[in-house]
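Have a look at the structure below, then the notes.
Chains as they are written, first to last, in my numbering: chain A, 1 to 1053; chain B, 10001 to 10514.
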């Protein structure tokens, strides 16, 4: 069932004046929910009389009333509406769900529906519409800013990228810290299929991208360990429960159709200098290219003179003016787009119901030749046989095609870096090369430039023919290939048998499996790999779950008991075969069978968790509820080790307990408290408790070779599960009949014995070790304020403001160690560390040496580096929040979401690079006619030193700054964004009624329309390239920021 | 109905109860083995020793360090743009140059070699049945540590590689003297312990160096011991004396075919089986530019050296006239190149002599130590009265002969006749330590890591550092690599207390006192 607020919280009231009469008239009409579905059994009464009726299957009613009398429409779970009879004798009513309803029910652990007032922990529900109007390809991304304490960071990796969702802070130092996604009670595999690292790569996407937003009725977020205790270790980071739409009892078959199109355009954040062009210092004189060779040699740097419009040679031979060529980002990036067509059929009678939906998404990214397509088919059915047996089943199928996932981070094949790397006088379109093969050297160029590099027509056209690593943007986008195709089936079946009216058993089987076919092509002729290479892989992931449960639900006078016990058996498998080859025997025939050297790889991993669990809730008088749960998980990855963990909680609806003592402005008040533990396995995967040997897949000259199967990490047979303990208290208040609401929460969480893959000195023989380490704590405050400041028949303003703070602290690590190292930046001057006494993810880096408080410089003015990694910032934001406003006026509605994160830092490799290449505004300092570059401090002997750097010395300063003082590239990553805007209109019923449809609505939608506040030049503060927790706070040439806007059309029939 | 429900329930319960064994089984990797033949690790470690590491990318260390730093710093190749060559102008603090040998050796060959030594030693599952494999591993382990300490000075040694066995994740550093003292003892013991009478242990099939020929291994062991002894000869004469005499009396390489090298292959993977140096220079494969340094070309031309047209593949890869060969001076950039040539628009790969592509086949042999070096070391020892060596001139002559003739292994067209050798020697006779040092330098083409160490120790040839505005070494040729940033960030305390400091390119290691 639905609860509160939605954009469509519009009661469409249309009064058609036919005639005005004083006597009783027969009033008729239809009562519907806000999504247009008709409501059966609504009480329709004339106020002050005994005259009443209920609506029929189609939601229709007929009642006789006098003009001026009031008709009351009431229905459990919906807000009651009063309408005065006027001249019209047709009164159609849309009932809004009642946020304050006593019977308000939410889906909790194991898919068990619970009365919300009984919950002793915080849950938040988001209506499905929030994912369908202004869409994101990945629904995880769409959660951003909506829920207090839910922190979304989507790496800037394109149309098929992953979403990183962190609930109430990072609970393990090394694990993914991702919540468990559950669809209608069935866990869903949300494996992350690879992220870019410091050396480049692309985002392989996650499991969540398969989900069709149109199938989502609502998403419930169970935030704490308390909420998730019954999901076991996998729910230790919170649970995101997705309830899909189901068929409901109705007459005939309902049809819903929606069309959504959004365009995506770059939201360019670059602020580069446009005065000085390509070139280099020659004997300290800034020099522009005078030959094709120099145009090539200096093709990736802007240390030339002030641009004066003179004609200069270019790498491709033609002359070009030495002047600003315009914004290359606008020129290279395209307008992307996403078109979704979705149709759903549903129907049902009292015994059976079904829903069938079909959705098709076609999207293209701003990166040329890149996009994401998805087709979803889902079918669900629910049948009741007799009084006792309920059978339900569901199957979701998705077919995804992620075309050319763009490479990000380090340069190989990264088109984004390629665009950044062009000096201001170079037009990116001049690097298009052969129009029939974009990015390739066309025939007829001056051979003297590239012949010595063995380059010929058809090979990658480089801006610097001897720097093979600087990609051509068009070549990277059009000739590289990194495509993944996935077929996925999620199926489940459930039986429920009601043995008596208070005792039931359920059993459920489910499977979620997908095959992924991936292709990776580095084409022949690529700068850094002229022979080219190809890989093809087949991947199979599977998760099966089997669970059963016995439930007991009975009232004894004022007492109620709700208890259940059961077991779960979970199995996961991952298997991959990869075939690779390099060099092509048939030139430019990019097929694996054409590869000269071919080899293959095979990997498999399996794991399982067996669990038993139980829960009991005792209620008194519907105002006090006590709950206790327990669960035992046994893990294969821990060699069968188990952990038992409990939870207890209470909720007290004091407003109902002491009705007389309450002020009348307080309509609801509940206090909740709970304590829970949950086992965690952190970053541990299968086969990590032993250190066996594996054969090298490529023997040498017929001789077998072997090494440790995992040569990077030291296995630990003694590893134990980590334990997360969380205490939570909360206060839920509603005022003025629910028009205002306040939900406050506080939690205090600690993880002990965290399982960690800690970076260690390579001199130990390994780079990392799996260890149980000390303690990590999270403490936070969550705030949610909801209000309907204005509500009239025509106009409604709903507002929701949420924010959350999380204070994370690393309390202790391995004995004798006060810090552990994680990911490194590509500049290799910064490293994410977890440091005792600091929050998760401290950014540390090399800084300038200081002597007596003075910075130390070389005699040439270069900073002298201190070989100590200093603490420079925090990679995780301290505060996140969102403000959602919606306004409805008659058929119009306007909704916008402002999203913010404050208090985090980021190391910007992009800014470091553009300084070194002479592209940044800042790198103008020290050039001819620009602001001087002065350094002052001391020399290594401690003597005062004041220098004004010019020319080549200034270039050396900018070129070496990032490597010698990483603190220069740490920025505040705070932002405020206009995340979403929807402006819609629903046609009035009187017009709709003349069409075959039940409702027609259209909206303008936009996402990420504006960055309202940020504190970092050149890039979007949300520009991480990686999904990995250890790489948050690092940035290096990811996709630029984008905005999307478009429209949405919804029809129901 | 109740019966059905109950039986379904009990089935589920049964399924969930006896699960311990099943869960344990599920955690066994079906693609891995708990025990394996240590010979398989030896082959892997030997292949990895080519380039100096085997963490998955066979050319990485050569690309970054052997070529990018050392080949340029000792002025055999030069760079005026493209690629990454911090050794050419000393103007870049390129962390990969430092990180490559550190990461790839500790977490690569050394990890494997230590494991062989553990499992073939006391309590290991192949104790006593892989004796020659064990001794070969000890020799190669010493070889790898010699490289590490030569580059970085003090390095973790005693506590190194004990992360898995002893839980030492953050090892202490040992002084270079301590490292040398122990690796020489190791090579000495292992060489003596190799036993030619052992058969049937699979060593011959695994050994990429000598196909299990123990007599050749003993020659290599002693030759390596001589190299080590000579390296510390300026700082620890006692150590030098002890092991130089032992090496000489134990039997050194005597024939070109004794050289320590492995064969590489065209496939199946370019990243593991091919020659890393060839791959690092491969045009169009992200390769380093390959112009020869003017220092080397001028030296070869002055001596009318037959190696000129072995090392050089011609000006621009085309002009094979020896008289026209021209090397690129180190220290030029695109701008100063223009001044040097007196014209703009010059591509160094066109204007200068490049490395001969006949030396750069993907399946070229990868050499670790040649016969020529042994003779040059003996000549030097004789000249300096070390270890009872005699006949400096004779060894010089034999060294030059080997140095001229050992390139035939790369291509038959590189054959140098005895007559040509005689002519060459007549024109370039033995002339003391400088002549030895210069010839050793010229012989170590491709083996630039060693040439750089020889130069640091002997001062030969007398190289003129380049002058480049914006350099970071105060205009001196680098004398040490910096401990890489990853180590600074993971092992800061031990680094601060034990590394060779300051952690700069200009700091000298213990044995570098010349």
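Ideal Cβ positions, reconstructed from N, Cα and C, are used throughout, including at glycine.
Model, not experiment: these values are computed from the prediction.
Asked	Found
Could you check whether the Cβ of residue 10099(B) sits closer than 9 Å to any Cβ belonging to chain A?	yes
Reducing DSSP to helix, strand and coil, say where residue 514(A) ends up.	strand
Determine, for residue 10019(B), whether the minimum Cβ-Cβ distance to residues of chain C falls below 9 Å.	Given the protein chain composition of this structure (A and B), no chain C is represented.
What is the residue span of the beta strand (DSSP E) that residue 991(A) lies within?	Where residue 991(A) is concerned, there is no enclosing beta strand (DSSP E), although the alpha helix (DSSP H) it sits in stretches over 989-992.
Are any of the Cβ atoms in chain A nearer than 9 Å to that of residue 10329(B)?	no
Taking one C-beta from the region 10497-10512 of chain B and one from the region 10176-10187 of chain B each time, how about it: are there three or more such pairs within less than 8 Å?	yes
Could you tell me which chain A residues have their CB closer than 7 Å to the CB of residue 10083(B), listed as they occur along the chain?	466
So for residue 1053(A), helix, strand or coil by DSSP?	coil
Beta carbons nearer than 7 Å to chain A: which residues of the region 10437-10471 of chain B have them?	10469, 10470
Starting from the Cα of residue 152(A), find the closest Cα among 1043(A), 574(A), 1029(A) and give me that residue.	1029(A)
Tell whether a beta-carbon distance below 9 Å holds between residue 10400(B) and residue 10407(B).	no
Tell me whether the beta-carbon of residue 10381(B) lies closer than 9 Å to the beta-carbon of residue 10230(B).	yes
With 9 Å as the threshold, decide whether the Cβ of residue 173(A) is near any Cβ in chain B.	no
Assuming residue 835(A) and residue 819(A) form a contact by the criterion Cβ under 8 Å, report the distance between their Cβ atoms to the nearest whole angstrom.	4 Å
Rank 10428(B), 10162(B), 10156(B) by C-alpha distance to the C-alpha of residue 10112(B) and give the top, closest one.	10162(B)
With a floor of 3 residues, list each beta strand (DSSP E) that falls wholly inside the region 646-697 of chain A, ordered by position along the chain.	666-680, 693-695
Rounded to whole angstroms, how far is the Cβ of residue 70(A) from the Cβ of residue 83(A), which I believe are closer than 8 Å?	7 Å
Measuring straight from C-alpha to C-alpha, what distance separates residue 10470(B) and residue 952(A)?	7 Å
Going along chain A, which residues have a C-beta under 7 Å from residue 9986(B)?	A query on residue 9986(B) cannot be resolved here, the shown segment of chain B reaching from 10001 to 10514 and no further.
By the 10 Å Cβ neighbour count, where 16 or more other Cβ atoms means buried, how is residue 10034(B) classified, buried or exposed?	exposed
With burial defined as no fewer than 16 other Cβ atoms inside 10 Å of the residue's Cβ, what is the status of residue 602(A): buried or exposed?	exposed
So residue 10101(B) is in the alpha helix (DSSP H); what residue range does that whole segment cover?	10095-10104
Please classify residue 874(A): does DSSP put it in a helix, a strand, or coil?	strand
From this set, 842(A), 272(A), 760(A), which residue's C-alpha is nearest residue 871(A)'s C-alpha?	842(A)
When Cβ atoms are compared, which residues of the region 10024-10038 of chain B fall closer than 7 Å to chain A?	10024, 10026, 10027, 10029, 10030, 10031, 10032, 10033, 10034, 10036
Pop quiz: residue 10479(B) and residue 10508(B) are said to be a contact at Cβ under 8 Å. What is the actual Cβ separation, rounded to whole angstroms?	5 Å
Which runs of the alpha helix (DSSP H) at least 4 residues long sit entirely within the region 10330-10404 of chain B? Give them in chain order.	10334-10341, 10348-10351, 10371-10384
Along the region 931-954 of chain A, where does the CB come closer than 8 Å to a CB of chain B? Name the residues.	952, 953
Taking all protein chains shown into account, decide if residue 668(A) is buried (16 or more other Cβ within 10 angstroms of its Cβ) or exposed.	buried
For chain B, find out if any of its Cβ atoms is closer than 9 Å to the Cβ of residue 423(A); answer yes or no.	no
Mind the definition here: the region 10379-10397 of chain B touches the region 10250-10263 of chain B only if three or more C-beta pairs lie below 8 Å; say whether that holds.	no
Strictly below 7 Å CB to CB, what residues from chain B border residue 582(A)?	10270
Determine whether the Cβ of residue 10256(B) lies closer than 9 Å to any Cβ atom of chain A.	no
So residue 232(A) is in the alpha helix (DSSP H); what residue range does that whole segment cover?	From DSSP, residue 232(A) is part of no alpha helix (DSSP H); its letter is neither H nor E.
Measure the Cβ-Cβ separation of residue 10142(B) and residue 10266(B) and say whether it is below 9 Å.	no
Run through DSSP, which three-state label would residue 602(A) get?	strand
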